[in-house]
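Everything on this sheet refers to the single structure shown next.
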Amino acid sequence: MSNNYKFLNNVNFPSDIRKLSQSEIKVLADEVRQELIDVVSETGGHLGAGLGVVELTVVLHYIFNTPHDKLIWDVGHQTYPHKILTGRKNKIRTLRKGMGLSGFTKRSESEYDPFGAAHSSTSISSALGMAVANKLSNKSDNVIAVIGDGAISAGMAYEAMNNAGESKTKMIVVLNDNDMSIAKPVGAMRKYLAKILSGKIYFSFRETLKLIISAFSKRFKNKAGKAEDFLRSAVTGGTLFNSMGFYYIGPIDGHDIDTMVSVFKNAKEINYDGPILIHVKTQKGKGYKFAEKSEDKFHGVSKFNVKTGEQIKSSSNAPSYTKVFANTLIKHAEKDSKVVGITAAMPSGTGMDLFGKKIS
Ligand SMILES: Cc1ncc(C[n+]2csc(CCOP(=O)(O)OP(=O)(O)O)c2C)c(N)n1
Numbered sequence: 012m013s014n015n016y017k018f019l020n021n022v023n024f025p026s027d028i029r030k031l032s033q034s035e036i037k038v039l040a041d042e043v044r045q046e047l048i049d050v051v052s053e054t055g056g057h058l059g060a061g062l063g064v065v066e067l068t069v070v071l072h073y074i075f076n077t078p079h080d081k082l083i084w085d086v087g088h089q090t091y092p093h094k095i096l097t098g099r100k101n102k103i104r105t106l107r108k109g110m111g112l113s114g115f116t117k118r119s120e121s122e123y124d125p126f127g128a129a130h131s132s133t134s135i136s137s138a139l140g141m142a143v144a145n146k147l148s149n150k151s152d153n154v155i156a157v158i159g160d161g162a163i164s165a166g167m168a169y170e171a172m173n174n175a176g177e178s179k180t181k182m183i184v185v186l187n188d189n190d191m192s193i194a195k196p197v198g199a200m201r202k203y204l205a206k207i208l209s210g211k212i213y214f215s216f217r218e219t220l221k222l223i224i225s226a227f228s229k230r231f232k233n234k235a236g237k238a239e240d241f242l243r244s245a246v247t248g249g250t251l252f253n254s255m256g257f258y259y260i261g262p263i264d265g266h267d268i269d270t271m272v273s274v275f276k277n278a279k280e281i282n283y284d285g286p287i288l289i290h291v292k293t294q295k296g297k298g299y300k301f302a303e304k305s306e307d308k309f310h311g312v313s314k315f316n317v318k319t320g321e322q323i324k325s326s327s328n329a330p331s332y333t334k335v336f337a338n339t340l341i342k343h344a345e346k347d348s349k350v351v352g353i354t355a356a357m358p359s360g361t362g363m364d365l366f367g368k369k370i371s
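Take 12 as the starting number for the sequence shown in my numbering and just add one per residue.
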């Protein structure tokens, strides 16, 4: 590690995070963010998504007993902070290189990666499988899936929620809502989530947090939940998830460590037979001004200059596969109006952005 950090130098595994105080983990989170920017400036890779989950990553490992509690990251492109904190800090500069660390979660790499990913929208079904397996073997370990607002709009996520809502099995789904997929998200789910977040409540959330937490804990103590359930969903939204059998809580600020510690502690300690969805609002690219300002929030970058944010492009003159593909499709579409372009929420990665600009 090139930097001298007050806490990160001595944090190798989540058990080291758990020795710190709540105010110390705030400093640790800042250090992880700085290290992440430094690393990706040298390796290239996914940056925006990781920057957005720095606090969430620190808090999840602080509260939950990973690797016994299973933490499943959807896609896995946001796991560089998780890798830094789970025994891979000293290898982090080998990211995406031959024999180096994978840019996604990988089971053979670490016991802290219980599920290998790269395809999106698989985390809830994977978590449900693990939670049911725990139940069948009388294990009380927690299972937590973290899924983005982009990934939750795909079909597999609904298939999983459809089963989870009826399963009477405890699991926690963290909806990491940054109102971004790789590009701006589209669709009805996006509108629904935006409606929840635009409610006055999110902005006065500090005041309502106490109410929600007390309703949340009381409900499980005395089981007299109906009125509180109603109050809570009326106050916070989330009725779609409630109707699907999830216990919805949120939205909460995903950069506010104190709030997250209280909410996740509650969710961990509660003896509840069913899925809980915690809606966390985060900002993609958080804490690095060039990423915050850029249109794609530095989703995927080549090496860059930390001071200027300028990316160092490869010197090759060869056209990229994506460009060749896009130009060929455009040529066909110009001749034939029946040619349409479809992309799985990744217009720039597939060349569909170029297609969309030319053909409409
Ligand atoms: C099956 C599949 N389709 C599409 C993709 C491309 N893809 C990568 S990440 C992602 C979603 C990113 O948005 P979100 O889940 O909100 O996460 P964020 O990057 O905003 O944290 C998509 C669609 C993929 N990895 N797998």
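Glycine included, every Cβ here is placed at the ideal spot set by N, Cα and C. Nothing here was measured: the structure is a model prediction, and the numbers come from that model.
Alpha-carbon spacing of Ser132 relative to Pro330, whole angstroms: Position 121 of the sequence shown, counted from the start, is the residue given in the question as residue 132. Position 319 of the sequence shown, counted from the start, is the residue given in the question as residue 330. If I take the Cα positions, the gap works out to 31 Å.
Buried versus exposed call for Lys181 [16 or more other C-beta atoms within 10 Å across all chains shown]: Translated into positions along the sequence shown, residue 181 becomes position 170. The residue is buried, with at least 16 neighbouring Cβ atoms inside 10 Å.
Close-in-space but distant-in-sequence residues of the same chain around Thr116 (CB under 6 Å, 5 per side omitted): The residue you call residue 116 lines up with position 105 of the sequence shown. Contacts found: Trp84, Gly87, Thr90, Asp124, Gly127 and Ala128.
Expected contact under 8 Å - CB spacing of Val69 and Ile28 to nearest Å: Locating residue 69 in the sequence shown gives position 58, counting from the first residue. Locating residue 28 in the sequence shown gives position 17, counting from the first residue. Correct: roughly 7 Å between the Cβ atoms.
For His290: DSSP bridge partner residues: Numbered from 1 along the sequence shown, position 279 holds the residue referred to as residue 290. Leu186, per the DSSP bridge assignment.
Three-way DSSP call (helix, strand, coil) for Ala202 in this model: Counting from 1 along the sequence shown, the entry for residue 202 is found at position 191. It is Lys, not Ala, that sits at residue 202 in the sequence shown. Lys202: helix per DSSP, three-state reduction.
Cβ neighbour criterion (16 or more within 10 Å) applied to His290: Sequence index remark: in the sequence shown, residue 290 carries index 279 (1-based). Buried.
Residues bridged to Tyr258 [DSSP beta-bridge criterion]: Against the sequence shown, residue 258 aligns to sequence position 247. According to DSSP, which records beta bridges pairwise, Tyr258 is partnered with Ile287.
According to DSSP, residues forming a beta bridge with Lys81: As a working mapping, residue 81 is identified with position 70 in the sequence shown. Per DSSP, Val154.
Range of the contiguous alpha helix (DSSP H) that encloses Arg44: The residue labelled residue 44 in the question sits at position 33 within the sequence shown. Here the alpha helix (DSSP H) through Arg44 covers Gln33 to Thr54.
Check: His290 C-beta below 6 Å from any heavy atom of ligand 1: By one-based count along the sequence shown, residue 290 stands at place 279. For ligand 1, not one heavy atom lies less than 6 Å from the Cβ of His290.
Assigned secondary structure, Ile353 (DSSP; H/G/I helix, E/B strand, else coil): Here residue 353 refers to the residue found at position 342 of the sequence shown. Reduced to three states, the DSSP call for Ile353 is coil.
C-beta atoms of Ile183 and Leu82 nearer than 7 Å: Along the sequence shown, one-based indexing puts residue 183 at 172. Along the sequence shown, one-based indexing puts residue 82 at 71. No; because the gap between Cβ atoms is not below 7 Å, this pair is not in contact.
Same chain, Cβ closer than 6 Å to Gly320, five either side skipped, listed in chain order: Working through the sequence shown from its first residue, we reach residue 320 at position 309. Cβ within range, chain order: Phe301.
Uninterrupted beta strand (DSSP E) stretches inside the region 79 to 116 (no shorter than 3 residues): 81 to 84
DSSP-derived helix/strand/coil call for Asp267: For the purposes of this step, residue 267 is identified with residue 256 of the sequence shown, where counting begins at 1. It is coil, neither helix nor strand.
From Leu186, Lys276 and Lys308, residue whose alpha carbon lies closest to that of Ile48: Against the sequence shown, residue 48 aligns to sequence position 37. Selected option, being the one with the closest Cα: Lys308.
Leu242 classed as buried or exposed, judged by whether at least 16 other C-beta atoms fall within 10 angstroms: As a first step, residue 242 must be located in the sequence shown, where it is residue number 231. Reliability fails at Leu242, whose pLDDT of 46 lies under 50, so the model's placement of it is uncertain and the value that follows must be treated cautiously. Counting Cβ neighbours within 10 Å, Leu242 comes out exposed, since fewer than 16 surround it.
Beta-bridge pairing of Gly320 - partner residues as DSSP gives them: To locate residue 320, count along the sequence shown from 1; it is residue 309. Its beta-bridge partners do not exist; DSSP assigns none.
Where Leu19 sits in the DSSP three-state scheme: Translated into positions along the sequence shown, residue 19 becomes position 8. Correct three-state label for Leu19: helix.
Proximity test, His266 beta-carbon vs ligand 1 heavy atom, cut-off 6 Å: Sequence index remark: in the sequence shown, residue 266 carries index 255 (1-based). Incorrect: His266 has no Cβ contact closer than 6 Å to ligand 1.
Exposure label - His343; buried when at least 16 CB within 10 Å: Residue numbering aside, residue 343 sits at position 332 when the sequence shown is read from its first letter. So His343 counts as exposed.
Cβ pair count under 8 Å reaching 3, the region 33 to 50 against the region 15 to 24: yes
Any non-hydrogen atom of ligand 1 within 6 Å of Ser192 CB: Counting from 1 along the sequence shown, the entry for residue 192 is found at position 181. Yes, ligand 1 has a heavy atom inside 6 Å of this Cβ.
Rounded C-alpha distance that separates Arg201 from Asp160: Taking the sequence shown and counting its residues from 1, one reaches residue 201 at position 190. Taking the sequence shown and counting its residues from 1, one reaches residue 160 at position 149. When rounded, the distance between both Cα atoms is 7 Å.
Proximal residues to Met167 (C-beta, below 7 Å), its chain only, five neighbours per side dropped: As a working mapping, residue 167 is identified with position 156 in the sequence shown. Answer for Met167: Ser132, Thr133 and Ser136, listed in chain order.
For His57, three-class secondary structure by DSSP: Taking the sequence shown and counting its residues from 1, the one referred to as residue 57 is at position 46. His57 falls in the strand class under three-state DSSP.
Reduced DSSP secondary structure (H/G/I, E/B, other) of Ser371: Residue numbering aside, residue 371 sits at position 360 when the sequence shown is read from its first letter. Coil at Ser371, not helix or strand.
Supposed contact pair Lys334 and Gly2 - C-beta distance, whole angstroms, cut 8 Å: Outside the shown range of the chain, which is 12 to 371, sits residue 2, and nothing can be said about it.
Coarse secondary structure for Gly63, derived from DSSP in three states: In the sequence shown, counting from the first residue as 1, residue 63 sits at position 52. Reduced to three states, the DSSP call for Gly63 is helix.
Where Glu177 falls, given that 16 or more other Cβ within 10 Å makes a residue buried: Against the sequence shown, residue 177 aligns to sequence position 166. The residue in question, Glu177, is exposed, as its Cβ has fewer than 16 Cβ neighbours within 10 Å.
Rounded straight-line distance, which links the Cα of Ala337 to that of Thr365: In the sequence shown, counting from the first residue as 1, residue 365 sits at position 354. In the sequence shown, counting from the first residue as 1, residue 337 sits at position 326. For the record, residue 365 in the displayed sequence is Leu; it is not Thr. Going from the Cα of Leu365 to the Cα of Ala337 covers about 7 Å.
The alpha helix (DSSP H) enclosing Met172, as first and last residue numbers: One-based indexing of the sequence shown puts residue 172 at position 161. Here the alpha helix (DSSP H) through Met172 covers Gly166 to Ala175.
Separation of Lys318 from Ala171, as counted between CA atoms: Within the sequence shown, numbered from 1, the residue matching residue 171 stands at position 160. Within the sequence shown, numbered from 1, the residue matching residue 318 stands at position 307. Roughly 43 Å between the two C-alpha positions.
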